[in-house]
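Shown next, in structure tokens, is the structure this report addresses.
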Amino acid sequence: MSRRSARQATGPYAPPVAVSELTVISSDGTRLHAELHGPEGAPAVVLVHGWTCSTAFWAPIVRELAADHRLVLYDQRGHGRSPAAGPGGYSTHTLADDLAAVLDQTLAPGERAVVVGHSMGGMTLMAAADRPQLRERATALLLCNTGASRLPVRGRVVPLRGERLRTRVQRALLCSRAPLGPVTPVSRRLLKYVTMGPAAGPAVVEACARIVYACPRAVRAAWGRVMSDLDLDAEVGRLALPTAVLAGTADRLTPPDHARALSASLPRCVGLTELDGLGHMAPVEDPAAVSGVIRGLVAEYGQAYGQAYGHEGAAQGTGQGARGATDDDTVEEPTT
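So this is what it looks like as structure tokens:
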């Protein structure tokens, strides 16, 4: 499936047109597609997507928040319109590098944001716990449908009672390079079982299928290997910013046990929300509920840039000082 097919959805799951697009250059030279949505000068929110997803995943959240927030979205390396990894490869270190580059190159000098990470995006925030860019550019964090360690052990995708066998099978699934094939009725049912709650409707399933199936299998497997051995427990203990945690009670990939462990370990946990009946794709399964949590964090910890820093024109200079490429630069799509 072409990467562009992920952006051909219609209705509420169609990716909104960005105010502007730009290319962020990470520390190893990897080029990252980024987008800005919403009015200049509004409170900033950075949205970091998860494994096999892209900026298109955030479409329902953008529709909820863009009227009165400045939203920054980017495609993780190898996903969406960001090409495969540069010399740095795929690791928790490069997750942190890429987020640091995005914060530096999309926010104006002195501007700070609420940063939201879903799934692997939440792991990105944990991995960046020691980065000065996160400490200095974020006001608060939201860890959504994510975990810090033991993903194959705690996962509930494979309904086997024996922990050792279940762990082995789930690790193999994470690391698999097997092609997913076309989007079919059978594949939609399988995707819904793995990633969503029972109430997810056909439009949600279709939108997520097009996004997930557009991810190149080599990229999916590379990041799967990173997550299969993930251990960010120590980093969670150093995540000193105010941090909220959100989980779906029907999440099979990162069950609520992960969220409870995070909330108990975070130095400044400011709330644990468990959304009844939702799966791993909570931001698209119930965008109103998730955006409500984001709005609460912005109300408590965020400020409009112009109000906070007395900067006229607010975000007119966003990213200009540090941006590694202009908005008109093109990024070649990697082959699958």
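The numbering used here puts the first residue of the sequence shown at 55, with every later residue one more than the last. Idealized CB from N, CA, C, for every residue including glycine.
Range of the contiguous beta strand (DSSP E) that encloses residue i
i   : result
R85 : 85 to 91
L76 : 74 to 79
Rounded straight-line distance, which links the Cα of residue j to that of residue i
i    : j    : result
D311 : A301 : 9 Å
A313 : P163 : 33 Å
G142 : D82  : 6 Å
E260 : L161 : 33 Å
L119 : A113 : 10 Å
R236 : C262 : Note that residue 236 is Pro in the sequence shown, not Arg. Near 13 Å, if we compare the C-alpha coordinates of C262 and P236.
Y355 : T238 : 44 Å
V352 : H334 : 23 Å
R271 : H91  : 29 Å
T384 : D285 : Residue confidence for T384 is low, a pLDDT of 38 falling below 50, so the modelled location carries little weight and cannot support an answer.
M86  : L149 : Rather than Met, the amino acid found at residue 86 in this sequence is Leu. Their Cα atoms are separated by approximately 12 Å.
G65  : A254 : 16 Å
V78  : H103 : 16 Å
A96  : S345 : 16 Å
L101 : A257 : 22 Å
T193 : V99  : 10 Å
P93  : A121 : 7 Å
L234 : Q357 : 43 Å
R222 : L307 : 15 Å
E190 : C269 : 32 Å
D305 : V248 : 8 Å
D283 : Y144 : 13 Å
R117 : P70  : 7 Å
H365 : E165 : Here H365 scores only 41 on pLDDT, less than 50, and its place in the model is too uncertain to base an answer on.
S74  : Q159 : 13 Å
V126 : A167 : 9 Å
S319 : R231 : 34 Å
R128 : L76  : Note on residue identity: the sequence assigns Tyr, not Arg, to residue 128. Spanning the two alpha carbons is a distance of roughly 9 Å.
P341 : V347 : 10 Å
Reduced DSSP secondary structure (H/G/I, E/B, other) of residue i
i    : result
G364 : Below a pLDDT of 50, predicted positions are generally treated as unreliable, and G364, at 44, falls in that range; no measurement from the model is reported.
A272 : helix
T106 : coil
V99  : strand
L188 : helix
G333 : coil
V266 : helix
V169 : strand
V338 : helix
Rounded distance between the beta-carbons of residue j and residue i, thought under 8 Å
i    : j    : result
L295 : L195 : 5 Å
L245 : V273 : So it is not a contact: roughly 17 Å between Cβ atoms.
A110 : G134 : 7 Å
L329 : M180 : With a Cβ gap of about 21 Å, L329 and M180 do not count as contacting.
V290 : L326 : The Cβ separation is near 14 Å, so there is no contact.
Q187 : D152 : Not confirmed; about 11 Å, so no contact.
L228 : M281 : 6 Å
Opening and closing residue of the alpha helix (DSSP H) in which residue i lies
i    : result
G346 : 341 to 355
G176 : 174 to 181
Contact with chain E by residue i, beta-carbon distance below 7 Å
i    : result
I265 : This model lacks chain E altogether; it includes just one protein chain.
beta-carbon residue i near the ligand ADP non-hydrogen atom, thresh 6 Å
i    : result
L188 : No copy of the ligand ADP occurs in the structure displayed, which carries no ligand at all.
Item checked: Ranges of the beta strand (DSSP E) found wholly within the segment 191 to 263, counting only runs of at least 3 -> 192 to 198
Next item on the list: Enumerate, from N- to C-terminal direction, the unbroken alpha helix (DSSP H) stretches of 4 or more residues contained entirely within the segment 276 to 325.
Entry: 287 to 290, 310 to 319
Notebook entry, point to check: Going along the chain, which unbroken runs of the beta strand (DSSP E) with 3 or more residues stay wholly within the segment 110 to 167?
Noted result: 124 to 128
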